[in-house]
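Student: Sharing a structure here in structure tokens format.
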Amino acid sequence: MNQQSSIEENKLSFLEARYKLIIDVRELVDIPMSSWAVAATIESLGIRDIDANTDFGYDNVFELAEFVYEQIQLEINNEDRSQSHDSYTHGFFKTIKLLLKYYTAGLVLSMPMLVQIVAILVFEYALWAWLRFNEAQATVVAFGTISSFVITGGFIQVIGRLVSKYKGEENYYLARKAVYKILRLGIPTVLLFAIALFLINLAFPFYPMRMMILSIIYMLLISFLLLSAAILFASELRFMILFSITFGTIVVILLTKANIFGVYMAQWVGIFITTILMTGYAALYYQFKIQTLRQELLKQTLPYDEVSYYNNYRYFLYGFFYFIFLFTDRILAWSTGDIPPPYIIWFNTPYELGMDWALISFVITIATLEFSINAFSQYLIPAQKNISLNKMKAFNKHFNRFYFRQLVLLLIISVVSILITYFGVLSLRAFETQIPEIRDFFANPITFKVFWMGSIGYVFLVYGLLNSLFFFTLNRPTFVTYSMIVAVIVNFIVGFICSRLFGFEYATIGLLAGAFTFALITGIIAKKFFKHLDYYYYSAY
Amino acid sequence: MIKKKPIVLFETEGSYPFSGGGVSTWAHILCSELETQIDFYIYAITGNPFVESRYKLPDNIKKVIHIPLWGVEEPVQYYNAEEPFSYQIEKRARTTRSVVKEHFMPIFRDFVDCLFDPFCDPQKISEVIYGMWKYFTRYDYKQTMKETTLWIDFKDHLIDEFEAHKDNKEEPRVFDVTFGMRWLYHFMMPLATNIPKEVDITHATIAGFPALASIVAKYEYGTPSIVTDHGVYIRERLINLGRADMPYFSKQLLLNLSTIVTRAVYFTADQISPVTTANQKWEMKFEADESKIIPIYNGVDTSVFKPTLKPAHTADKPTVVAVAHIFPLKDIETMIRTCDLVRKEIPEVQFIVYGSLDVDKEYVHKCEQLIEDLEVGDNFRFGGFHDKPSMVFNEGDISILTSISEGFPYTVIESMSCQRPVVATDVGGIKDALHDCGILCKPRDPRAIADGVIKLLSDTELRLELGKKSREKVLLNFTTKRSVDSYYDSYKNLLNIAKTPLSSTVKIPSVLKLLNHFEEVHESTV
Chain G
676 MNQQSSIEEN KLSFLEARYK LIIDVRELVD IPMSSWAVAA TIESLGIRDI DANTDFGYDN
736 VFELAEFVYE QIQLEINNED RSQSHDSYTH GFFKTIKLLL KYYTAGLVLS MPMLVQIVAI
796 LVFEYALWAW LRFNEAQATV VAFGTISSFV ITGGFIQVIG RLVSKYKGEE NYYLARKAVY
856 KILRLGIPTV LLFAIALFLI NLAFPFYPMR MMILSIIYML LISFLLLSAA ILFASELRFM
916 ILFSITFGTI VVILLTKANI FGVYMAQWVG IFITTILMTG YAALYYQFKI QTLRQELLKQ
976 TLPYDEVSYY NNYRYFLYGF FYFIFLFTDR ILAWSTGDIP PPYIIWFNTP YELGMDWALI
1036 SFVITIATLE FSINAFSQYL IPAQKNISLN KMKAFNKHFN RFYFRQLVLL LIISVVSILI
1096 TYFGVLSLRA FETQIPEIRD FFANPITFKV FWMGSIGYVF LVYGLLNSLF FFTLNRPTFV
1156 TYSMIVAVIV NFIVGFICSR LFGFEYATIG LLAGAFTFAL ITGIIAKKFF KHLDYYYYSA
1216 Y
Chain W
5 MIKKKPIVLF ETEGSYPFSG GGVSTWAHIL CSELETQIDF YIYAITGNPF VESRYKLPDN
65 IKKVIHIPLW GVEEPVQYYN AEEPFSYQIE KRARTTRSVV KEHFMPIFRD FVDCLFDPFC
125 DPQKISEVIY GMWKYFTRYD YKQTMKETTL WIDFKDHLID EFEAHKDNKE EPRVFDVTFG
185 MRWLYHFMMP LATNIPKEVD ITHATIAGFP ALASIVAKYE YGTPSIVTDH GVYIRERLIN
245 LGRADMPYFS KQLLLNLSTI VTRAVYFTAD QISPVTTANQ KWEMKFEADE SKIIPIYNGV
305 DTSVFKPTLK PAHTADKPTV VAVAHIFPLK DIETMIRTCD LVRKEIPEVQ FIVYGSLDVD
365 KEYVHKCEQL IEDLEVGDNF RFGGFHDKPS MVFNEGDISI LTSISEGFPY TVIESMSCQR
425 PVVATDVGGI KDALHDCGIL CKPRDPRAIA DGVIKLLSDT ELRLELGKKS REKVLLNFTT
485 KRSVDSYYDS YKNLLNIAKT PLSSTVKIPS VLKLLNHFEE VHESTV
């Protein structure tokens, strides 16, 4: 009897111990993957083979694990775990919050340009503009400006890519190293280009040498400014860009108003100071980060040169061709006319005013992209975690709908921005009797034509850029680069024909056609992209 | 004529020479001690590319092949550094969709079959692994893995597999597929590396992904292989993945991947050397042939870890020393409770635990709270980092280890070498060390451990006797020289095995077809 009750007691204590073990195991792993996983978990609780025997009544841990695993399977089968996951919602208010946050951030990016516009209107001077420039002077500055954007465009794009990549990994050491490497190529390239321009103009005097030298100086200074701005932009230190440009502009205003320097020297000093501020800040920022994180102690190198070139050449090409695209219409328009221009390319004020007017709407619209791309990045993983595998199409459809909503948003904002820009500027007509410059602004119908054609062209361009951002996010630069190259060709051909056949201002149709092409090609690719987003996400390495 | 030294391809993961830790220390000692007899190529898998050697490498380490699985766009520049990148571009150009479909897809399908049947024939797994490596000798890894048809195939297979096995568990998600395939891309990257032909032996320090090189070398060149199990890789994966905050099916996929690799490694190995007999049962469950298992224990330098008198600051107090990083597997909470029980008998006892407080700060806080709750602050303290590790155990009268999981810990044999007997939990291979010269206890049993500690602290004669026995046992069985000599003997035995490539035994049609294709390519080139 005693022996029997002892056996019964033993069995009871084994049962209690086993069921307690089941609870302990489930607390650690919830749904174990196999009895092996249970065995490993049991051992990690300090239970040995001998304990499996003395405390649980099994010969060894593996046999105990099989029992525990079976019991857990039974428990799971009785639990209500079935859930169908075929959709994922972001939440309306969350979306609105994101929209406000990122659209505002996008608008902040345009603040430097706004500062320039205000400075011109109020003080007549900006960093590289003056309300009273004559056409020769405007040509000098425009030529220098366009050259600087084109020659640095590729380097800016690569800086943006590499700095974002390394900074995203919190690797400030390699981010800085990458910048140095790019600048070691970029700066000599800019200098060589300057020398080339000089020599070409010496051999074939497209412009009087004095004009060319002035242009080259502007080209050099603005190039260095753009490179330093690119570092800050990619490092998300954009407030410093605004501060530096504002400061530099103030310097220009003070130097000119105080008659210390003429307009050229004052602007060169202003641009130089702006560049120094931005470069200095970037240098200090990275030095501080590297020292704080002690990253200089770890041996790290960038990829070999040939690997770097291979990884980045598409981005370089995209940057280069993007700025060629942006300025092609101006080159075409300024190199023709009913009255031939005095030199190969000659600034045309009504045309430029129209394009600048259109640029305001472009800047207001492009801010949307900050929201679109950030929302896309934020939703990608949660959506994957929430949508069932056998509803894979639902995942792709979900992002198709997301993409469509971005298009609608873009369309609404672009229409609104064009209207605001048009009527906003038009309202200045109220002052045209007091301010002759305003009267002159509205005097020429070419300005209006260029505004409308340019604004519509920019809408297509922003749509193409939206698609490009999605492609860049998932590491598909080829889609963007080759689309842009085709767009440049279309821009040039159409713009050339239209500007020569119909009038110089119709060079803008080239921009419109090129932008439409860019939008069309990237749009077709985007359709395929979102249809197979699962694949593009997986292979974005 | 100078006789050429044998070359060992020494395969590591997250350890030597780029990280510290017990395995790295062991590896460094082994390579350094065999400086005049063996040359080594280190085949090191790391998590990221920005690592540098923590050790001054001895002259017999002739090459370091570094494979960063993550963090770099073109990892090939690291692991195939001798080839110019333009060669990789050539490979990439050669890797067309039709090549992938015709030569890789069939092997990949076989691979995915193995992935979803991880306990299938290990020969099949090994052949598939070899086939994949062979393919990548001519064609580009990244380009191949990005192929859309591969993705579609994998996805469809996964959907069918998950649907068939989901029961009432979690619903498989899109995440499981996208991340699953990404993990495959990263973890199988060693299959894209060249294996030097001149290697005489491959030595894997873990039965995991680095040992893919051993499997491949066996098939391609007939290179004999040895695996050292410091812990049991698959067991650790089971524990870590089980607790990972990850969807169920993602965990399952990763586990299956680890399982097929481990089984293939054990299957093809010529010798399996765990550092303790305690690992054997797990190895045999995962395809290790018992006849190939030859345990080789870790060793200590007995001239460094030698007994001295206690230093002044502990001389007059009964002192219990522990060396352990403060994290849950070391079960410091049990140690604290043990201290509480011991001080009730021996009020002046001191417990000093030397080890990092940075591994698990939350756990450190938990322990500190327990010390406060039990009011043992006067008897228990954390010593942090000790600048003279060889002197740690000499500070105590005995040492203690309360881990709930271990392999064959160095701390136990170091303490024994210093003639300080050990009270430890009977986990892993500790029994192999302490049998007859220490006190073994059940894990998580502070009473039993406390009784062991009290016994040794109170009985000086017993303590001294066990201390002496401990030192003798180490001198006989657990010296560095003995461990290194055992490995050297193993290498010599392996060198005597005829190098017969297993490629001639391949049966799987997909791999056979690839091998035929390569023969045709080779003939056309000649």
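Listed in order, the protein sequences are those of chains G and W. Counting in my numbering, the first sequence runs from 676 upward without gaps. Counting in my numbering, the second sequence runs from 5 upward without gaps. Idealized CB from N, CA, C, for every residue including glycine. Source: prediction; values computed, not measured.
Can you give me the Cβ contacts of T1183/G inside the same chain, cut-off strictly under 6 Å, excluding the 5 residues immediately before and after it?
Tutor: In the first sequence, the residue the question calls residue 1183/G occupies position 508. These residues qualify, in order along the chain: D1004, V1125, M1128, G1129.
Student: I'd like to know whether the C-beta of W155/W is nearer than 8 Å to at least one C-beta of chain G.
Tutor: Translated into the one-based positions of the second sequence, residue 155/W becomes position 151. True, the Cβ-Cβ gap to chain G drops below 8 Å.
Student: Are there 16 or more other CB atoms within 10 angstroms of the CB of P322/W, so buried, or fewer, so exposed?
Tutor: The residue labelled residue 322/W in the question sits at position 318 within the second sequence. Per the 10 Å Cβ criterion, buried.
Student: Measure the Cβ-Cβ separation of T949/G and V790/G and say whether it is below 8 Å.
Tutor: For the purposes of this step, residue 949/G is identified with residue 274 of the first sequence, where counting begins at 1. For the purposes of this step, residue 790/G is identified with residue 115 of the first sequence, where counting begins at 1. Not in contact: T949/G and V790/G (Cβ atoms no closer than 8 Å).
Student: How is the alpha helix (DSSP H) around I1068/G delimited, first residue to last?
Tutor: For this step, residue 1068/G is matched to residue 393 along the first sequence. At residue 1068/G the sequence reads Lys, which differs from the Ile that was named. K1068/G -> alpha helix (DSSP H) spans 1067-1101.
Student: May I ask you to verify whether the segment 441-449 of chain W touches the segment 293-311 of chain W, counting CB pairs closer than 8 Å and requiring at least 3?
Tutor: no
Student: What residues in the segment 253-281 of chain W bring their beta carbon closer than 7 Å to a beta carbon of chain G?
Tutor: K255, Q256, L259
Student: Where does H234/W sit, in a helix, a strand or coil, going by DSSP?
Tutor: Along the second sequence, read from residue 1 onward, the residue named residue 234/W stands at position 230. It is coil, neither helix nor strand.
Student: Let me see if you follow: with CB-CB separation under 8 Å, is D1209/G close to chain W or not?
Tutor: Residue numbering aside, residue 1209/G sits at position 534 when the first sequence is read from its first letter. Yes, D1209/G lies at the interface with chain W (some Cβ there is under 8 Å from its Cβ).
Student: Which residues mark the beginning and the end of the beta strand (DSSP E) in which H207/W is found?
Tutor: Stepping through the second sequence from its first residue, residue 207/W is reached at position 203. Here the beta strand (DSSP E) through H207/W covers 205-208.
Student: Y1213/G versus chain W: which residues are under 7 Å apart at the beta carbon?
Tutor: Counting from 1 along the first sequence, the entry for residue 1213/G is found at position 538. By Cβ distance, chain W contributes W155, T182, M185, R186.
Student: Verify whether the separation of the beta carbon atoms of V80/W and I111/W is less than 8 Å.
Tutor: By 1-based counting over the second sequence, the position of residue 80/W is 76. By 1-based counting over the second sequence, the position of residue 111/W is 107. Contact: no.
Student: Indicate whether F1146/G and A1190/G have their beta-carbon atoms separated by less than 8 Å.
Tutor: As a position in the first sequence, residue 1146/G is number 471, starting the count at 1. As a position in the first sequence, residue 1190/G is number 515, starting the count at 1. No. Outside cutoff.
Student: DSSP on V116/W, reduced to helix/strand/coil?
Tutor: Locating residue 116/W in the second sequence gives position 112, where the first residue counts as 1. Here V116/W sits in helix by DSSP.
Student: Any contact of the segment 466-481 of chain W with the segment 417-434 of chain W, i.e. 3+ C-beta pairs under 8 Å?
Tutor: yes
Student: Can you say whether Q1059/G is buried or exposed, counting buried as having 16 or more other CB atoms within 10 angstroms of its CB?
Tutor: As a first step, residue 1059/G is located in the first sequence; it is residue number 384 there, counting from the start. Buried: at least 16 other Cβ atoms inside 10 Å.
Student: Would you mind telling me which residues of chain W sit closer than 9 Å to D726/G, beta carbon to beta carbon, in chain order?
Tutor: Counted from its first residue, the first sequence places residue 726/G at position 51. Chain W residues near D726/G: K446, P447.
Student: Is there at least one Cβ from chain W nearer than 8 Å to Q1059/G's Cβ?
Tutor: Your numbering for residue 1059/G matches position 384 in the first sequence. For Q1059/G, the answer is yes, since a Cβ of chain W falls inside 8 Å of its Cβ.
Student: Tell me V426/W's beta-bridge partners as DSSP assigns them.
Tutor: Here the question's residue 426/W lines up with position 422 in the second sequence. Per the DSSP secondary-structure output, V426/W pairs in a beta bridge with S403/W.
Student: Under 9 Å between beta-carbons, which chain W residues line up against I1062/G? List them in chain order, please.
Tutor: In the first sequence, residue 1062/G corresponds to position 387, counting from 1. At a C-beta separation below 9 Å, I1062/G has these neighbours in chain W: R177, V178, F179.
Student: Would you mind listing the alpha helix (DSSP H) stretches within the segment 958-1024 of chain G that are 4+ residues and don't spill past its ends, in chain order?
Tutor: List check, alpha helix (DSSP H) in window: 980-1008.
Student: Rounding to the nearest angstrom, what Cα-Cα distance links F1002/G and E1045/G in this structure?
Tutor: Here residue 1002/G refers to the residue found at position 327 of the first sequence. Here residue 1045/G refers to the residue found at position 370 of the first sequence. F1002/G and E1045/G: Cα-Cα distance of roughly 24 Å.
Student: Using a Cβ-Cβ cut-off of less than 7 Å, list which residues of the segment 690-722 of chain G approach chain W; keep chain order.
Tutor: L703, V704, I706, P707, M708, W711, A712, A715, T716, E718, S719, L720, G721
Student: Please confirm if F868/G has its CB atom under 8 Å from at least one CB of chain W.
Tutor: Start at 1 with the first residue of the first sequence, and residue 868/G comes out as number 193. Taking Cβ atoms only, chain W never reaches closer than 8 Å to F868/G, which makes this a no.
Student: So, helix, strand or coil for Q41/W, using DSSP?
Tutor: If you number the second sequence from 1, residue 41/W lands on position 37. Three-state DSSP puts Q41/W in coil, outside helix and strand.
Student: Taking the C-alpha atoms as reference points, what is the distance between W1009/G and F1022/G?
Tutor: Within the first sequence, numbered from 1, the residue matching residue 1009/G stands at position 334. Within the first sequence, numbered from 1, the residue matching residue 1022/G stands at position 347. C-alpha separation (whole angstroms): 6 Å.
Student: Within a Cβ cutoff of 7 Å, which residues of the same chain sit near Q832/G, ignoring the five residues on either side of it in sequence?
Tutor: Residue numbering aside, residue 832/G sits at position 157 when the first sequence is read from its first letter. If we look at Q832/G and ignore the five residues flanking it on each side, its Cβ neighbours are Y990, F991, Y993, G994.
Student: At which residues does the beta strand (DSSP E) containing F936/G begin and terminate?
Tutor: Walking along the first sequence from the start, residue 936/G turns up at place 261. First-last for F936/G: undefined, no H or E at that position.
Student: Thinking G433/W and T232/W are a contact (beta carbons under 8 Å), I'd like their distance in whole angstroms, please.
Tutor: In the second sequence, counting from the first residue as 1, residue 433/W sits at position 429. In the second sequence, counting from the first residue as 1, residue 232/W sits at position 228. So it is not a contact: roughly 13 Å between Cβ atoms.
Student: How should Y694/G be labelled, buried or exposed, when 16 other C-beta atoms within 10 angstroms of its C-beta is the threshold for buried?
Tutor: The residue labelled residue 694/G in the question sits at position 19 within the first sequence. Exposed, since its Cβ has fewer than 16 Cβ neighbours within 10 Å.
Student: Do the CB positions of I1113/G and R1104/G come within less than 8 Å of each other?
Tutor: The residue labelled residue 1113/G in the question sits at position 438 within the first sequence. The residue labelled residue 1104/G in the question sits at position 429 within the first sequence. Against a cut-off of 8 Å, the Cβ pair of R1104/G and I1113/G comes out as a contact.
Student: Can you tell me whether DSSP reads L61/W as helix, strand or coil?
Tutor: On the second sequence, position 57 is the one that residue 61/W refers to. Looking at L61/W - three-state DSSP - the assignment turns out to be coil, as it is neither helix nor strand.
Student: According to the neighbour-count rule (16 or more other Cβ atoms, all chains shown, within 10 Å of its Cβ), is K8/W buried or exposed?
Tutor: Position 4 of the second sequence, counted from the first residue, corresponds to residue 8/W. Classification for K8/W: exposed.
Student: With a cut-off of 8 Å on the beta carbons, I'd call H207/W and L13/W a contact; round off their distance for me.
Tutor: Residue 207/W sits at position 203 when you count from the first residue of the second sequence. Residue 13/W sits at position 9 when you count from the first residue of the second sequence. That belief holds up - the Cβ atoms of H207/W and L13/W are roughly 7 Å apart, short of 8 Å.
Student: Return the first residue and the last residue of the alpha helix (DSSP H) that Q127/W is part of.
Tutor: Looking up residue 127/W in the second sequence gives position 123. Counting along the chain, Q127/W sits inside the alpha helix (DSSP H) bounded by residues 126-142.
Student: Along the chain, where does the alpha helix (DSSP H) containing V12/W start, and where does it finish?
Tutor: Along the second sequence, one-based indexing puts residue 12/W at 8. It is not in any alpha helix (DSSP H) - V12/W instead sits in the beta strand (DSSP E) that spans 11-17.
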